[in-house]
Amino acid sequence: MDTPIYDFVKKYKESDMSRFHMPGHKGHKFIGCEDLDITEIYGADVLSMASGIIARSQSNASRLFYTGQTFYSTEGSSLCIKAMLMTVLMDARSQRKNDSQEREYILAARNVHRSIIDACALIDIDMEFLTYRSSNSICECKVLPEDIKTYFENIKKENLEKNIQKNYPIAVYITSPDYLGNIADIAGIAKVCEKYCIPLIIDNAHGAYLAFLECNLHPIKLGAAMCCDSAHKTLPVLTGGAYLHIAEKYKERFSEAIQRGLALFGSTSPSYLILQSLDLCNRYIADGYRQKLKNCINSVNKVKKYLKSIKISVMNTEPLKIVINTAKAGYIGMHIADEMRQYGIECEYADIQFVVLMATPENKRLDFDKIIQWSSVTQLLHKKNSIVPSILPAFYQIPKRRMTIREAVFAPSEVIDIKDSIGRICAEETISCPPAVPIVVCGEVIDKNVVNLLEMYNIKNVCVVSLVK
Ligand SMILES: Cc1ncc(COP(=O)(O)O)c(C=O)c1O
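Structure (structure tokens):
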């Protein structure tokens, strides 16, 4: 597979041109990669309206992922999510048949990454959350196709019974895989959405690799209208590199608005280091990645099987994550992460209950061996009482909303101790990062349940809307 962006920059570097253009390092080495760090010079194409080398590279990615169209982002999935939201809003407005003054909203599972809340604040659109079926963590929120169906049916019924015109959501938004490696039934949810003509958006930040499993589990293949993949999370791409994919069926309808959205919220100085990295990743995928992925999944499975055999609680997750439920053995995830650090292992994420390890084919055998070494000495082998029932608050009543997301984000605000926050309206996402899943969303009223959760995540202060004097 060709690598037009990488080839262009390499040639430019070798040409020894005097750089009278940005960036200011002029190709001289400070970190070491500056000679490959260029800007949108003659011949280098323009990311926001690609028609040259970037367009060619994006087409390569689209072919590899079996999408209708694929765009690059050098600002992560966070940028893609804003562009996708703007797109469905513009689309809904262009199709609106009545002159309803009702505000548009997205229907989402609660375990969203903060970037969708940021997008709602910027675009001024609301979110409605599906209630929790069952969950042990803010990171997960199981949603089944029938939950979405029931939601839509209820709107239909209410409209008929009360002779009103309540709006349907302008899109359904699901995070899958989530931080704990749960995968939603995207095919099932997509079928329901299709029946009601509502686009399904998937935050697939953690799942770029799913397209290359023996059975393709990528959201676009399973029926999503659009999704974002953080290439940098599971593929060998520099941090910030991501894809925004549109399904073939939605290409004509969404393509233009997506480009506008990416330009509206993105920088006019995209990183060419990241673009080259995305470009090279196409070749990496084309040249034997599927086999490497298969081998890596085998290694991960062996480790999981071994950990289970010595009674360490490993969750059933997507193939590249090893998620250990430390709480089940009575231990705090962060403490077990400290323990792993002593054995030369740095995890992706740890909280009170879980430790999350993410693997890719770029992990070497030694890396997996270290997990086995750690497991022979870990405290987890000495089970204490489970901390789950005593520490975890009942998950999880969604707090009441008093203001729109945008009103709350742009209102005068103050930071207060969480002890004084009951009854106040959240003004800023209150999260620990990672996983950057908001415990309370801007515009919602903080209640006792929220305070319990904030305490559990060791959050001491919260930003609330100021009281009117
Ligand atoms: C579920 C989820 N969605 C979106 C994002 C944002 O992705 P990015 O860091 O590529 O902007 C993250 C980041 O961790 C995430 O975990």
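Residues in the sequence shown are numbered from 1248 upward in steps of one, following the numbering used here.
Even glycine gets a Cβ: it sits at the ideal position worked out from N, Cα and C.
Quick caveat: nothing in here was measured; it's all calculated off a predicted structure.
For F1501, the closest of P1446, I1669, F1312 and N1406 by C-alpha to C-alpha distance is P1446. With a cutoff of 7 angstroms, H1492 does not count as near ligand 1, since its C-beta is closer than that to no heavy atom of the ligand. Excluding its 5 nearest sequence neighbours in each direction, K1555 has C-beta neighbours in its own chain below 6 angstroms: V1561, listed in chain order. Between Q1316 and I1493, the gap from beta carbon to beta carbon is short of 8 angstroms. For ligand 1, no non-hydrogen atom lies closer than 7 angstroms to the CB of P1466.
Of the other Cβ atoms in all chains shown, 16 or more fall within 10 Å of the Cβ of I1433; this residue is therefore buried. Proximity of the beta carbon of G1428 to ligand 1 is not indicated: no heavy atom of the ligand is located closer than 7 angstroms. The Cβ atoms of E1400 and K1413 do not sit closer than 8 angstroms to each other.
In terms of CA proximity to C1673, V1662 leads the group L1427, V1662, M1264 and P1681. With contacts defined by Cβ atoms closer than 8 angstroms, I1364 and P1685 form a contacting pair. In this structure, the C-beta of H1275 stays at least 7 angstroms away from each heavy atom of ligand 1. For L1485, the CB contacts under 7 angstroms within the same chain, skipping 5 residues up- and downstream, are H1479, L1520, I1521 and S1524 in chain order. Annotation for P1682 indicates a beta carbon within 7 angstroms of some heavy atom of ligand 1. In this model, L1464 and A1458 are separated by some 6 angstroms (Cα to Cα). Counting the other Cβ atoms within 10 Å of the Cβ of V1624 gives fewer than 16, which makes it exposed.
Residue range Y1519 to A1533 is occupied by the alpha helix (DSSP H) that includes C1528.
Within the same chain, L1447, L1469, G1470 and A1471 come within 7 angstroms of A1437 by CB-CB distance, once the 5 residues on both sides are set aside. For A1574, the closest C-alpha among the options N1383, L1332 and E1408 is that of N1383. Assignment of C1475 by DSSP, reduced to helix, strand and coil, places it in the strand class. M1264 is classed as exposed because its beta carbon has fewer than 16 other beta carbons within 10 Å across all chains shown. DSSP places V1698 in the helix class (H, G or I) of the three-state scheme. Between the alpha carbons of S1546 and R1612 lies a distance of about 8 angstroms. Annotation for G1323 indicates a beta carbon within 7 angstroms of some heavy atom of ligand 1.
Rounded to the nearest angstrom, the Cβ distance from K1707 to D1664 is 7 angstroms, consistent with a contact under 8 angstroms. A check of alpha carbon separations from V1711 across P1681, L1700, L1701 and A1658 identifies A1658 as the nearest. A distance of 8 angstroms or more separates the beta carbons of C1475 and S1295. Considering only I1467, G1690 and I1300, the residue with the shortest C-alpha distance to K1647 is G1690.
Distances from the alpha-carbon of E1261 to those of D1284, M1248 and P1270 put D1284 closest.
Nearest in C-alpha terms to G1591, of all of I1619, L1311, R1649 and C1440, is I1619. Relative to P1682, the option among S1362, M1374, Q1626 and L1391 whose CA is nearest is S1362. Secondary structure note for F1277: it is in no beta strand (DSSP E), with a DSSP letter that is neither H nor E. For S1320, the pairing in a beta bridge is given by DSSP as A1489. Check the Cα spacing between I1583 and each of D1338, K1630 and M1248: the tightest is with K1630. One Cα belongs to L1336, the other to R1343, and the distance between them is close to 10 angstroms. In the DSSP assignment, E1261 falls within the unbroken alpha helix (DSSP H) covering P1251 to S1262. For P1251, same chain residues with a beta-carbon under 6 angstroms away, outside a window of 5 residues either side, are I1300, R1303 and S1304 in chain order.
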